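**Q** Number 206 in this note's numbering belongs to position 206 of the sequence shown; there are no gaps in the numbering. Yeah, the Cβ is synthetic: ideal placement off N, Cα and C, and Gly gets one too. Predicted model, so just to flag it, every value in this text is computed and none were measured.
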Amino acid sequence: MTTRETDIAILGGGLSGGLIALALAERRPELDVVLIEQDEALGGNHVWSFFGPDVAKTDRWLLERLVVKGWRGYDVAFPGFDRTLDTTYYSVTSERLDYELRQTLAPRAIVTGQRVVEVTAREVRCADGSRIAARAVIDARGMRLSGELTGGWQKFVGRRLELKKPHGLVRPVVMDATVEQIDGFRFVYCLPFGEKELFVEDTYYSDSSTLDRDAIGKRIDRYCADHGWQIKRVLNEEHGVLPVVSGGKFDAFWRATGTGTAKAGTRAGLFHPLTSYSLPHAARFAAALAARKDFSAAALGRFSKDHARAQWADAAYPRKLAAMLFGAARPIDRYQVLERFYRLDPKLIERFYAGHSTLGDKLRIVAGRPPVPVGRAIAALAGLGETNRLRHGSLRAEGA
Numbered sequence: 001m002t003t004r005e006t007d008i009a010i011l012g013g014g015l016s017g018g019l020i021a022l023a024l025a026e027r028r029p030e031l032d033v034v035l036i037e038q039d040e041a042l043g044g045n046h047v048w049s050f051f052g053p054d055v056a057k058t059d060r061w062l063l064e065r066l067v068v069k070g071w072r073g074y075d076v077a078f079p080g081f082d083r084t085l086d087t088t089y090y091s092v093t094s095e096r097l098d099y100e101l102r103q104t105l106a107p108r109a110i111v112t113g114q115r116v117v118e119v120t121a122r123e124v125r126c127a128d129g130s131r132i133a134a135r136a137v138i139d140a141r142g143m144r145l146s147g148e149l150t151g152g153w154q155k156f157v158g159r160r161l162e163l164k165k166p167h168g169l170v171r172p173v174v175m176d177a178t179v180e181q182i183d184g185f186r187f188v189y190c191l192p193f194g195e196k197e198l199f200v201e202d203t204y205y206s207d208s209s210t211l212d213r214d215a216i217g218k219r220i221d222r223y224c225a226d227h228g229w230q231i232k233r234v235l236n237e238e239h240g241v242l243p244v245v246s247g248g249k250f251d252a253f254w255r256a257t258g259t260g261t262a263k264a265g266t267r268a269g270l271f272h273p274l275t276s277y278s279l280p281h282a283a284r285f286a287a288a289l290a291a292r293k294d295f296s297a298a299a300l301g302r303f304s305k306d307h308a309r310a311q312w313a314d315a316a317y318p319r320k321l322a323a324m325l326f327g328a329a330r331p332i333d334r335y336q337v338l339e340r341f342y343r344l345d346p347k348l349i350e351r352f353y354a355g356h357s358t359l360g361d362k363l364r365i366v367a368g369r370p371p372v373p374v375g376r377a378i379a380a381l382a383g384l385g386e387t388n389r390l391r392h393g394s395l396r397a398e399g400a
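1. Tell me the rounded alpha-carbon separation between G152 and T275.
2. Quick one: is P346 buried, meaning 16 or more other Cβ sit within 10 Å of its Cβ, or exposed?
3. Are there 16 or more other CB atoms within 10 angstroms of the CB of K155, so buried, or fewer, so exposed?
4. Hey, L149 and P243: beta-carbon distance below 9 Å or not?
5. State yes or no: is the C-beta of L11 within less than 9 Å of the C-beta of V117?
6. Taking contact to mean 3 or more Cβ pairs, one atom from each stretch, closer than 8 Å, check whether the region 282-291 and the region 55-67 are in contact.
7. Taking the alpha carbon of V68 as the point to measure from, which residue in D202, W48, V241, L85 has its own alpha carbon closest?
8. Provide the residue(s) that pair with G129 in DSSP beta bridges, ordered along the chain.
9. Assign L359 to one of two classes, buried (16 or more other C-beta atoms within 10 Å of its C-beta) or exposed (fewer than that).
10. How far does the alpha helix (DSSP H) with H239 in it reach, from first residue to last?
11. Using only alpha-carbon positions, find the residue among R309, R267, K263, G269 that is nearest to A298.
12. Based on DSSP bridge pairs, tell me the residues matched to P29.
13. Determine which residues share a DSSP beta bridge with L191 and list them.
14. DSSP puts W48 in a beta bridge; with which residues?
15. Taking 9 Å as the cut-off, decide whether the C-beta atoms of R159 and Y89 are in contact.
16. Taking the straight line between their C-alpha atoms, what separation do you get for E37 and E95?
17. May I have the straight-line CA-CA distance separating F253 from W229, to the nearest angstrom?
18. Less than 9 Å between the beta carbons of G70 and T84, yes or no?
19. In the DSSP assignment, find the beta strand (DSSP E) that holds A121 and state where it starts and stops.
20. Along the beta strand (DSSP E) that carries I4, what are the first and last residues, could you check?
21. What separation, rounded to the nearest whole angstrom, lies between the Cα atoms of R389 and G147?
22. When you compare each of E197, S206, E238 to R213 by their alpha carbons, which one comes out closest?
23. Work out the CA separation of D294 and A225 for me, nearest whole Å.
24. Between I110, L235, P166, R65, which lies nearest to S91 when the distance is taken from Cα to Cα?
25. For a test of the three-state rule: what should DSSP assign to I216, helix, strand or coil?
26. Whose C-beta lies closer than 7 Å to the C-beta of G248 among residues of the same chain, with five residues either side of it excluded?
27. Taking all protein chains shown into account, do 16 or more other C-beta atoms lie within 10 angstroms of the C-beta of T259, making it buried, or fewer, making it exposed?
28. Determine the DSSP secondary structure at Q181, reduced to helix, strand or coil.
29. Let me confirm a value: P79 is counted as buried when at least 16 other C-beta atoms fall within 10 Å, else exposed. Which label applies?
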């Protein structure tokens with residue numbers, strides 16, 4: 001058995017673990033950091049996106065070199081109306097994250113192809129028998145769900161495509177809900193990365209976590225054909241099943257993956273409960289952690305739990321809306337909830353996604369006749385609607 005000593009051991013080389021490693025390299029270069037990933041590539045296989053206002057100006061330094069494409073504005077489309085919003089939108093890819101990590105960290109700081117079998121607040125044991133002793137361990141290996149949370153699922157298959165001819169899109173289509181409504185609320189999401197390069201994702205807000213990749217792949221092909229887009233080749237494909245959280249107990253969720261070790265990312269519950277977006281939360285956490293002075297195991301354990309608990313409290317309102325989406329709206333009618341939301345003031349929409357809704361915003365979102373039966377809406381908002389207990393073992397995908 002070999003033993004290696006380090007200051008900080010980060011488990012999981014995905015979005016949250018990678019951002020923590022980059023933040024520490026930038027702001028705390030005196031710390032010795034080891035990033036441990038069970039796959040050979042860092043970052044997994046994802047496109048992560050965020051609205052410009054989602055990330056505070058003080059945290060943007062962490063993302064500047066990771067953004068592969070940015071746009072001014074985005075489109076949404078529903079059966080009853082369509083709209084262009086002026087909010088900036090940005091995308092990060094796992095390939096860019098992998099590249100920047102390998103350019104920034106020393107080669108010995110990156111350990112790939114290594115499965116972790118045992119973790120404590122200060123020690124990591126790997127499948128090959130090696131051991132890493134650290135001042136502190138940060139567990140960012142993704143979420144584990146065993147019934148502590150309630151809600152539904154956002155599941156998707158996305159393909160990055162090279163087309164034979166230009167697609168003609170000038171900005172992202174964040175939500176095209178004019179498609180046939182299947183398996184809950186369905187929409188298609190498009191990112192124009194180049195004149196002939198397009199990312200197309202078919203997404204579902206569903207009561208079921210079952211993902212039929214072949215069937216969804218065929219729907220993506222049909223969607224492209226309907227828009228006159230001729231596919232030359234598929235450059236990449238990703239898929240995921242992410243929780244949409246309507247309720248639960250924070251302490252029970254935290255205990256499910258241990259209580260002594262510092263946690264980050266979706267393992268700490270750091271994601272938007274309704275959209276499943278995790279990048280803004282990951283950037284906020286990494287920047288805050290890098291600004292700390294005490295990097296002992298006990299201090300980081302307290303910091304990560306306190307940070308996650310505060311985020312959980314701040315997300316109470318989006319969880320109520322998720323309860324209305326899953327507990328009040330029939331699956332075939334769920335699109336009406338989002339259609340109504342996107343008719344509201346653009347600044348209100350920006351604040352909602354960024355987690356900064358005002359009291360006036362919250363009242364405006366639910367004011368008037370809801371697009372679901374009134375009795376069911378009231379029951380859902382009061383926590384009386386029926387929702388699923390979320391059980392899915394380990395979830396390594398970190399959000400859209």
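**A** In brief:
1. 11 Å
2. exposed
3. buried
4. yes
5. no
6. yes
7. W48
8. DSSP output for G129 lists no bridge partner at all.
9. exposed
10. Element bounds for H239: not the alpha helix (DSSP H) but the beta strand (DSSP E), 231-248.
11. K263
12. None; P29 has no bridge partner.
13. F199
14. V92
15. no
16. 15 Å
17. 44 Å
18. no
19. No beta strand (DSSP E) contains A121, which DSSP labels as neither H nor E.
20. Here residue 4 turns out to be Arg, not Ile, going by the sequence shown. Start and end: 3-11.
21. 5 Å
22. E238
23. 56 Å
24. R65
25. helix
26. E148, L149, T150
27. exposed
28. coil
29. exposed
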